[in-house]
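A.B. asks: Input: one structure, supplied below.
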Amino acid sequence: MKTLITELVVKALSKETFEGKITDERQIFVRLMENGLSGLVLPYISDTNRSQSFVTYKTQVLYDYVTTDLKQQKVIELLRKTFQEHQIRFVFLKGTRVKELYEHTYMRGMGDIDVLLLDQELQKAEKCLKELNINLVSRSLAHDLYETNEGVLIELHPRLDHEFNDKYVLFRNTLDYLKPLKGYEYTFDETFELLYLMYHLAKHFESSGVGLRSILDIGLYAKRYEDNIDNNRIETYLIEMKMKRFYQVLLFLNKKLFQIETDLLDAGFMIENDKIEALVDYIFVSGIHGKGSQFNPMAPRLSNSKNSKKRPFRVLLQTVFPSLKHMKEMYPILKKNVWLIPLFYLVRLFDLAVFRHKESAKKVKLLNQGEKERKKIEDIFDTLGLY
95 MKTLITELVV KALSKETFEG KITDERQIFV RLMENGLSGL VLPYISDTNR
145 SQSFVTYKTQ VLYDYVTTDL KQQKVIELLR KTFQEHQIRF VFLKGTRVKE
195 LYEHTYMRGM GDIDVLLLDQ ELQKAEKCLK ELNINLVSRS LAHDLYETNE
245 GVLIELHPRL DHEFNDKYVL FRNTLDYLKP LKGYEYTFDE TFELLYLMYH
295 LAKHFESSGV GLRSILDIGL YAKRYEDNID NNRIETYLIE MKMKRFYQVL
345 LFLNKKLFQI ETDLLDAGFM IENDKIEALV DYIFVSGIHG KGSQFNPMAP
395 RLSNSKNSKK RPFRVLLQTV FPSLKHMKEM YPILKKNVWL IPLFYLVRLF
445 DLAVFRHKES AKKVKLLNQG EKERKKIEDI FDTLGLY
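Going by our numbering, the sequence shown opens with residue 95, and the numbers climb by one from there.
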């Protein structure tokens, strides 16, 4: 199945129709969905010799992709117009940018619209969104989450770095890498943006998981902007952040899986066959954000760079009782009334135990099960170069 899906991706990238045999039609939909590839691949699978249920479901999936994309593109333009009018400097991040690398934007699914506010004007932006009837759902140290009446999610980020690993200090100096687009809208130079996409991918490896589409995003970006990427500069940054192997692994995976070759890949870089096989299997089963049906999304948390030597119970305590800095973002009242922190730890504990008890119990169970997978995941992270 994994080999078939990579073949389908190569066909789609070449705009070639796939006429071959699919022995398990149901499973191909499941795996494409888990790896975020349905929108890219399905348009290029021929309906000839397929079951009627396959054709019907394919049509429905593509309709959903197109409909979701149209809603998101409408909101993107609304945000662009609103922030320009209110003189809020901003950058669209991640999915909004990567969508542009695909033949059609609907082909690259996106969970939410990520926007970086360059002057950390969250309160000003919140007022603008409130006037548009876009509601605040939650706050965190990383971002504030909003939702439109049509269910489109928006994340407003006051900063790029979320302090999961001190080695990624580059992303605390956002303003140094900006390029103006129009008015108050900016983007990043391609060297920095490629690094940021990898940094974001590293976060997902360490906190939940990634699917094949996340790997493909890096390859497509590196290929599209190959001539704009400063090799000397990117090498300096990679060495500083101890990310050079991770960078090379991602480019190597794109060459091996999707036939995307770039001169950014060191000519002599190789990974042993058994290690590459284990890595690709892990990514394939993991799925986007670790949502693969056969994957434990809590397991990577035990093996990541911060928790690799900690027992499951300690990791659980950190999840239940986050730092004061995180609590202040979750409960803004604490910013001026820090003495209430013991009360709000109890509030959080009550919320997890009563209102989210099923979700909490599942996470505890998965965390305990993850201990059995720790060695395997540590080997994967070692292959990736995340340690």
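C-beta atoms are modelled at their ideal positions from N, C-alpha and C, and glycine is treated no differently.
Secondary structure at Val484, three-state DSSP: helix, strand or coil?
C.D. replies: In the structure as shown, the chain begins at 95 and stops at 481. Residue 484 is therefore absent and cannot be evaluated.
A.B. asks: With Arg395 as the anchor, note down where its alpha helix (DSSP H) starts and where it stops.
C.D. replies: Residues Ala393 to Ser397.
A.B. asks: Hey, how far is the Cα of Phe378 from the Cα of Glu113?
C.D. replies: Looking at the two C-alpha atoms, the distance is approximately 23 Å.
A.B. asks: Answer yes or no: do Phe186 and Tyr278 have a C-beta to C-beta separation smaller than 8 Å?
C.D. replies: Contact: no.
A.B. asks: Based on Cα-Cα distance, which residue from Asn143, Met292 and Thr268 lies nearest to Thr281?
C.D. replies: Of Asn143, Met292 and Thr268, the residue nearest in Cα terms is Thr268.
A.B. asks: Report the CB separation of Gly189 from Met201 in whole angstroms; it is logged as a contact under 8 Å.
C.D. replies: Contact doesn't hold; Cβ gap of about 12 Å is too wide.
A.B. asks: Have a look at Asp473 and Ser302 and give me their C-alpha separation to the nearest angstrom.
C.D. replies: Going from the Cα of Asp473 to the Cα of Ser302 covers about 16 Å.
A.B. asks: Candidates Glu300, Asp311, Leu211 and Thr161: which alpha carbon is nearest Gly130's?
C.D. replies: Checking every option, the nearest Cα to that of Gly130 belongs to Asp311.
A.B. asks: Could you say if the region 139-146 and the region 113-124 meet the contact criterion of at least three C-beta pairs nearer than 8 Å?
C.D. replies: Enough Cβ pairs lie closer than 8 Å, so yes.
A.B. asks: If we ignore side chains and look at the alpha-carbon of each, how far apart do Ile382 and Phe299 end up?
C.D. replies: Distance between the alpha carbons of Ile382 and Phe299 is about 10 Å.
A.B. asks: According to DSSP, is Lys109 helix, strand or coil?
C.D. replies: Coil, per DSSP.
A.B. asks: Can the beta-carbon of Phe346 be found less than 8 Å from the beta-carbon of Ile323?
C.D. replies: It is not a contact, given that the beta carbons lie outside the stated cut-off.
A.B. asks: Using DSSP bridges, identify the partner residues of Tyr240.
C.D. replies: Answer is Leu230 and Ile248.
A.B. asks: Please identify the residue among Phe415, Lys430, Lys466 and Arg174 whose C-alpha is closest to the C-alpha of Asp445.
C.D. replies: The candidate whose alpha carbon is nearest that of Asp445 is Phe415.
A.B. asks: With a floor of 4 residues, list each alpha helix (DSSP H) that falls wholly inside the region 173-232, ordered by position along the chain.
C.D. replies: Here the runs fully enclosed are 189-192 and 216-225.
A.B. asks: I'd like to know whether the C-beta atoms of Leu230 and Thr176 end up nearer to each other than 8 Å.
C.D. replies: Cβ distance not < 8 Å, so Leu230 and Thr176 don't count as in contact.
A.B. asks: Mind checking if Ile116 is an interface residue toward chain C, Cβ cutoff 8 Å exclusive?
C.D. replies: This model lacks chain C altogether; it includes just one protein chain.
A.B. asks: Here's the rule: buried if 16 or more other CB atoms are within 10 angstroms of the residue's CB, otherwise exposed. What is Ile354?
C.D. replies: Result: buried.
A.B. asks: Taking Cβ to Cβ, would you say Phe340 is nearer than 8 Å to Gly133?
C.D. replies: Cβ distance not < 8 Å, so Phe340 and Gly133 don't count as in contact.
A.B. asks: For Tyr376, I'd like the list of residues in its chain whose CB is within less than 6 Å of its CB, leaving aside the five on either flank, ordered along the chain.
C.D. replies: Within the same chain, Tyr376 has close Cβ partners Ile474.
A.B. asks: Whole angstroms are fine: how far does the CA of Gly305 sit from the CA of Leu199?
C.D. replies: Looking at the sequence provided, one finds Thr at residue 199 rather than Leu. Going from the Cα of Thr199 to the Cα of Gly305 covers about 19 Å.
A.B. asks: Can you check whether the CB of Ile471 is closer than 8 Å to the CB of Ala393?
C.D. replies: Yes.
A.B. asks: Between Leu247 and Asp206, which are expected to be in contact by the criterion C-beta below 8 Å, what is the C-beta distance as a whole number of angstroms?
C.D. replies: Contact flag correct, Cβ pair sits at about 4 Å.
A.B. asks: With distance defined between alpha-carbon atoms, name the residue in Val343, Leu373 and His420 nearest to Ala361.
C.D. replies: It is Val343 whose Cα lies nearest to the Cα of Ala361.
A.B. asks: CA-CA distance, Lys338 and Glu371?
C.D. replies: Cα to Cα, Lys338 sits roughly 21 Å from Glu371.
A.B. asks: Just to confirm, are Tyr138 and Thr111 a CB contact at a threshold of 8 Å?
C.D. replies: Yes, the pair counts as a contact, with Cβ atoms nearer than the cut-off.
A.B. asks: Whole angstroms are fine: how far does the CA of Ser108 sit from the CA of Ser140?
C.D. replies: Each residue's Cα considered, the two are about 15 Å apart.
A.B. asks: Go ahead and pull the three-state DSSP assignment for Ile365.
C.D. replies: Coil.
A.B. asks: Which word fits Ala316, buried or exposed, when buried means at least 16 other C-beta atoms lie within 10 angstroms of its C-beta?
C.D. replies: The residue in question, Ala316, is buried, as its Cβ has 16 or more Cβ neighbours within 10 Å.
A.B. asks: Tell me, to the nearest whole angstrom, how far the beta carbon of Ser387 is from that of Glu128; I am working on the premise that it is less than 8 Å.
C.D. replies: That belief holds up - the Cβ atoms of Ser387 and Glu128 are roughly 7 Å apart, short of 8 Å.
A.B. asks: Considering only DSSP beta bridges, list what Glu279 is partnered with.
C.D. replies: Looking at the DSSP assignment, Glu279 forms a beta bridge with Phe184 and Lys276.
A.B. asks: On the DSSP letters alone, give me the boundaries of the alpha helix (DSSP H) that Ile328 sits inside.
C.D. replies: That run of the alpha helix (DSSP H) goes Asn325 to Glu334.
A.B. asks: Among Phe123, Arg395, Leu295 and Leu288, whose alpha-carbon lies nearest the alpha-carbon of Glu329?
C.D. replies: Glu329 has its Cα closest to that of Leu288, out of Phe123, Arg395, Leu295 and Leu288.
A.B. asks: Report the option in Thr413, Ile427, Lys105 and Leu396 whose CA atom is closest to the CA atom of Lys466.
C.D. replies: Of the listed residues, the one whose Cα sits closest to Lys466 is Leu396.
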